[in-house]
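J.: Protein chains in written order, with our numbering: chain C, 1 to 53; chain H, 1001 to 1225; chain E, 2001 to 2245.
C-beta: ideal position from N, C-alpha, C; glycine also.
Only a predicted model underlies this, so the values are computations on that prediction, with no experimental measurement involved.
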Amino acid sequence: MSGFLSMGGYASSVWPAVALTFGIIAWNIVAARRSFAAARAEARRRIAAGDPS
Amino acid sequence: MSGTWQAARLVVERDLRLAFRNRGQLLHPLLFFAIVATLFPLALSPEPSRLRDVAPGVLWIGALLASLLAVEFLYREDAQDGTLEQFALSGRSLTWLLFAKTATHWLLSGLPLALMSPIAAYALAVPPAALPGIVAAVSIGTIALSLLGAVSAALTIGIRRGGALLSLLTLPLAVPLLIFGAQATARAIEGSDMAAPLYFLAAFAVLGVTLAPLAAAAAVRISLE
Amino acid sequence: MDWTWFHRFGSPPHLYGLAGRLVPWFAWPAALAIAAGLYGGLVLAPPDYQQGDGFRIIYVHAPSAWLSLMAYTWMAVAAAIGLVWRMKVAHAMAASCAPIGAWFTVAALCTGMLWGKPMWGTYWVWDPRLTAELVLLFLYLGYLGLRSAIEDPQRADRASAVLAVVGVVNVPIVRYSVEWWNSIHQAPSVMKFGKPTISWPMLTPLLIMFVGFTLLFLALVLVRVRGEILRRERQARWVSEVIAA
């Protein structure tokens, strides 16, 4: 296990790269859902205000 | 077709006349280029061998930024006073009219830059034998740059403070021109065969001539919608 | 030829519904493939004979770079369709691709730099792939900048579409010229290791990762495109029906 974590001495490159990529994946999932939710909330607000324009 | 040809000629004549009425604006990009070429020796060193090494980069980055400065004004007045709208409504091919406009723009900004580049190059300790090659490379390169700039300037018509955006759009697209232009210049300085990078520059210019006016016309139409 | 599928695909309510239904079908296989590919790449694949375990960065770097280019291609194709057929959904699609592509360009750049540290002894070398990726990032930022600078949404769609099409002509030229430039300026002894020679046990997890990232991209685009469609269809009656439900 510690051999796996040390990545044959390359731990300081491999793990940050993996973490960064998954951070960006996670952020993209959050951002995509947020962008959709924001568009839906805005549409809902317009409809509630009775303003079709 | 003859009508389009005539209209294009009128655009060229009109733009030339307008430009010579306002000579100061013609000089700004040239002055800018001269100042950039002056600042580099001050920042680096006056030593000829070092200047010769950096000369291709200095010349091309100077030319790139100077033509960017010039292209910002390509459509500005015509967009404000409705001339572009008249172009679009004239029934003539907007593509051809914009091509004529861009060609005039090159005559007024690209060609003077190319003619000035040997002076700047000489000041950067480039041997005189290399100067004709440099003029050729800069002339061809600025044709492609003007066409590229004509597209991005058309995209930023009507955007307030569009200058920074214009550079953000144009500079990444100009990377190939910078690479081959600087390479042609470096080869001219070395005295080696500069045909290969020059051919590439010419190929980009031809690609620009065929595609850029179409894209510029599309962008101008969009800005008028 | 029957073109009704094309028109149906171009209808905003249809695509809105379809995208919503399709998301889980892409998202879960994506998660599965990425998990499998990562396990295969980090655990099962043998270490490279030159780079040891350092080469394992390829399992996150290469798929990110692939996604960044794929997103740009999709964006340009969607933009061209939107320009030619004046299709609202195509512009919505192009708008959805850009932020995703830009983020994965950042991922490819950063992982490339982390890979460069052990390979070249420094985080940044003007390697042709990295340089081309950096230019791609500037192209994405220009596209996003143009889009946000134009207030009228329809004009923003069409103007940025022209830029995307011009850009996609340029991407291969940039790529090629950067390679050419690098072959001239190649500094010897920069590379401490050669390129990893890839064998099947190494390649299989990589291919699984490519599939996973492609599916991930599609899932992300489908989520975003629904929002973009809603933003472009404010006046439509179907929106109030869908939202109220």
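Taking P1029 (chain H) as the reference, give the member of H:Q1006, H:L1068, H:I1119 with the closest Cα.
T.: Along the second sequence, one-based indexing puts residue 1029 (chain H) at 29. Ranking the options by Cα distance to P1029 (chain H), first place goes to H:L1068.
J.: Look at the Cβ atom of F36 (chain C), then the Cβ atom of V2223 (chain E), and state whether they are nearer than 8 Å.
T.: Within the first sequence, numbered from 1, the residue matching residue 36 (chain C) stands at position 36. Within the third sequence, numbered from 1, the residue matching residue 2223 (chain E) stands at position 223. Yes, the pair counts as a contact, with Cβ atoms nearer than the cut-off.
J.: Just to confirm, is the Cβ distance from L2146 (chain E) to L1155 (chain H) under 8 Å?
T.: The residue given as residue 2146 (chain E) occupies position 146 in the third sequence. The residue given as residue 1155 (chain H) occupies position 155 in the second sequence. Yes, these two residues count as a Cβ contact at 8 Å.
J.: Report buried or exposed for Y2049 (chain E), applying the criterion of at least 16 other Cβ atoms within 10 angstroms of its Cβ.
T.: For this step, residue 2049 (chain E) is matched to residue 49 along the third sequence. So Y2049 (chain E) counts as exposed.
J.: Any beta-carbon of chain E closer than 8 Å to the one on E1190 (chain H)?
T.: To locate residue 1190 (chain H), count along the second sequence from 1; it is residue 190. Not closer than 8 Å to any Cβ of chain E, the Cβ of E1190 (chain H) fails to qualify, so no.
J.: Could you list which residues in chain H have their beta carbon closer than 7 Å to that of I2150 (chain E), in chain order?
T.: As a first step, residue 2150 (chain E) is located in the third sequence; it is residue number 150 there, counting from the start. Chain H residues near I2150 (chain E): I1159.
J.: On the three-state DSSP scale, how would you describe G2212 (chain E)?
T.: Residue numbering aside, residue 2212 (chain E) sits at position 212 when the third sequence is read from its first letter. G2212 (chain E) falls in the helix class under three-state DSSP.
J.: Count the other C-beta atoms from every protein chain shown that fall within 10 angstroms of the C-beta of Q1183 (chain H), then say buried if there are 16 or more, exposed otherwise.
T.: Along the second sequence, read from residue 1 onward, the residue named residue 1183 (chain H) stands at position 183. Buried.
J.: Count the other C-beta atoms from every protein chain shown that fall within 10 angstroms of the C-beta of S1049 (chain H), then say buried if there are 16 or more, exposed otherwise.
T.: To locate residue 1049 (chain H), count along the second sequence from 1; it is residue 49. That one is exposed.
J.: Would you list the residues sitting across from D2048 (chain E) in a DSSP beta bridge?
T.: Residue numbering aside, residue 2048 (chain E) sits at position 48 when the third sequence is read from its first letter. BP columns for D2048 (chain E) point to E:G2052.
J.: Would W2181 (chain E) pass as an interface residue toward chain H - the criterion being a Cβ-Cβ separation below 8 Å?
T.: By one-based count along the third sequence, residue 2181 (chain E) stands at place 181. Yes, because at least one Cβ of chain H sits closer than 8 Å to the Cβ of W2181 (chain E).
J.: Might you give, ordered along the chain, the residues of its own chain that have their beta carbon closer than 7 Å to the beta carbon of R1092 (chain H), omitting 5 neighbours on each side?
T.: Reading the second sequence from its first residue, position 92 is the one you call residue 1092 (chain H). Result list for R1092 (chain H): G1003, T1004, A1007, in chain order.
J.: Could you round the C-beta distance between D2157 (chain E) and G8 (chain C) to whole angstroms and report it? I think they count as a contact, below 8 Å.
T.: Taking the third sequence and counting its residues from 1, one reaches residue 2157 (chain E) at position 157. Taking the first sequence and counting its residues from 1, one reaches residue 8 (chain C) at position 8. The pair is not a contact, with the Cβ atoms about 50 Å apart (cut-off 8 Å).
J.: Please state if the CB of L2136 (chain E) and the CB of S2068 (chain E) are separated by a distance shorter than 8 Å.
T.: Looking up residue 2068 (chain E) in the third sequence gives position 68. Looking up residue 2136 (chain E) in the third sequence gives position 136. Against a cut-off of 8 Å, the Cβ pair of L2136 (chain E) and S2068 (chain E) comes out as a contact.
J.: Does G8 (chain C) get closer than 8 Å to chain E when you measure Cβ to Cβ?
T.: Residue mapping note: residue 8 (chain C) aligns to position 8 of the first sequence, counting from 1. It does; some Cβ of chain E falls within 8 Å.
J.: Going straight from the alpha carbon of W2028 (chain E) to that of F2213 (chain E), what length do you get?
T.: In the third sequence, residue 2028 (chain E) corresponds to position 28, counting from 1. In the third sequence, residue 2213 (chain E) corresponds to position 213, counting from 1. Going from the Cα of W2028 (chain E) to the Cα of F2213 (chain E) covers about 12 Å.
J.: In chain E, what lies closer than 8 Å to A17 (chain C) by C-beta?
T.: Walking along the first sequence from the start, residue 17 (chain C) turns up at place 17. Those are I2057, V2060, H2061, C2110, T2111, L2114, W2115, listed as they occur along chain E.
J.: Determine whether the Cβ of D2157 (chain E) lies closer than 8 Å to any Cβ atom of chain C.
T.: Position 157 of the third sequence, counting from 1, holds the residue named residue 2157 (chain E). By this cut-off, D2157 (chain E) is not an interface position.
J.: When you compare the CB positions of L1166 (chain H) and T1104 (chain H), do they come within less than 8 Å of one another, or not?
T.: By one-based count along the second sequence, residue 1166 (chain H) stands at place 166. By one-based count along the second sequence, residue 1104 (chain H) stands at place 104. No; because the gap between Cβ atoms is not below 8 Å, this pair is not in contact.
J.: Check the C-beta distance from L2141 (chain E) over to A2102 (chain E) and give it rounded, since I have them as a contact under 8 Å.
T.: As a first step, residue 2141 (chain E) is located in the third sequence; it is residue number 141 there, counting from the start. As a first step, residue 2102 (chain E) is located in the third sequence; it is residue number 102 there, counting from the start. About 7 Å; that satisfies the 8 Å criterion.
J.: Is it buried or exposed, Y2143 (chain E), if we count other Cβ atoms within 10 angstroms and call 16 or more buried?
T.: The residue given as residue 2143 (chain E) occupies position 143 in the third sequence. Buried is the call here.
J.: So with CB distances below 7 Å, who are the chain E contacts of S35 (chain C)?
T.: Your numbering for residue 35 (chain C) matches position 35 in the first sequence. Per Cβ cutoff of 7 Å: R2224, G2227.
J.: Against chain D, with Cβ distances strictly below 8 Å, would L20 (chain C) count as a contact?
T.: Absent from the structure: chain D. Protein chains present are C, H and E.
J.: Can you tell me whether DSSP reads P1127 (chain H) as helix, strand or coil?
T.: Taking the first residue of the second sequence as 1, we reach residue 1127 (chain H) at position 127. Here P1127 (chain H) sits in coil by DSSP.
J.: Can you check which of these residues, H:L1031, H:V1220, H:E1190, is closest to M1116 (chain H) by C-alpha distance?
T.: Numbered from 1 along the second sequence, position 116 holds the residue referred to as residue 1116 (chain H). Checked all of H:L1031, H:V1220, H:E1190; the closest Cα to M1116 (chain H) is H:L1031.
J.: Can you pull the chain E residues whose beta carbon is under 7 Å from the beta carbon of F1099 (chain H), in chain order?
T.: Sequence index remark: in the second sequence, residue 1099 (chain H) carries index 99 (1-based). Near F1099 (chain H) there are no residues of chain E at all, since even the closest Cβ is about 16 Å away, more than 7 Å.
J.: Check the Cβ-Cβ distances between V30 (chain C) and every residue of chain E, and say whether any is below 8 Å.
T.: If you number the first sequence from 1, residue 30 (chain C) lands on position 30. So, not an interface residue.
J.: Please tell me whether G2017 (chain E) has its Cβ less than 8 Å away from any Cβ of chain C.
T.: As a working mapping, residue 2017 (chain E) is identified with position 17 in the third sequence. No, because no Cβ of chain C sits closer than 8 Å to the Cβ of G2017 (chain E).
J.: Alpha carbon to alpha carbon, how far is F2009 (chain E) from M2070 (chain E)?
T.: As a position in the third sequence, residue 2009 (chain E) is number 9, starting the count at 1. As a position in the third sequence, residue 2070 (chain E) is number 70, starting the count at 1. C-alpha separation (whole angstroms): 21 Å.
J.: With three or more beta-carbon pairs closer than 8 Å as the criterion, would you say the region 2173–2184 of chain E touches the region 2105–2119 of chain E?
T.: The region 2173–2184 of chain E is not in contact with the region 2105–2119 of chain E.
J.: Mapping the DSSP letters down to three states, classify V2190 (chain E) as helix, strand or coil.
T.: Taking the first residue of the third sequence as position 1, residue 2190 (chain E) is located at position 190. For V2190 (chain E), the predicted structure reports a pLDDT of 42, less than 50, and the residue's modelled location is therefore unreliable. A value from the coordinates is still provided. Looking at V2190 (chain E) - three-state DSSP - the assignment turns out to be coil, as it is neither helix nor strand.
J.: Which chain E residues are close to A43 (chain C), counting only those with a beta carbon under 9 Å from its beta carbon?
T.: Within the first sequence, residue 43 (chain C) is the residue found at index 43, counting from 1. The answer, in chain order, is L2230, R2231, E2233, R2234, V2239, S2240, V2242, I2243.
J.: Taking the C-alpha atoms as reference points, what is the distance between V1209 (chain H) and L1147 (chain H)?
T.: Here residue 1209 (chain H) refers to the residue found at position 209 when the second sequence is read from its first residue. Here residue 1147 (chain H) refers to the residue found at position 147 when the second sequence is read from its first residue. Answer to the nearest angstrom: the Cα atoms are 7 Å apart.
J.: Go through its chain and collect everything with a Cβ distance to K2192 (chain E)'s Cβ below 7 Å, but skip five positions before and after it.
T.: Counting from one through the third sequence, the residue named residue 2192 (chain E) turns up at place 192. At K2192 (chain E), the pLDDT of 44 sits below 50, so the modelled position is not reliable; the number obtained from the coordinates is stated separately. Closer than 7 Å at Cβ, skipping near neighbours: M2119, W2120, G2121.
J.: For M2093 (chain E), tell me which candidate among E:P2012, E:V2060, E:Y2176, E:F2210 has the shortest Cα-Cα distance.
T.: Here residue 2093 (chain E) corresponds to residue number 93 of the third sequence, with the count starting at 1. When each option's Cα is compared against that of M2093 (chain E), the closest is E:P2012.
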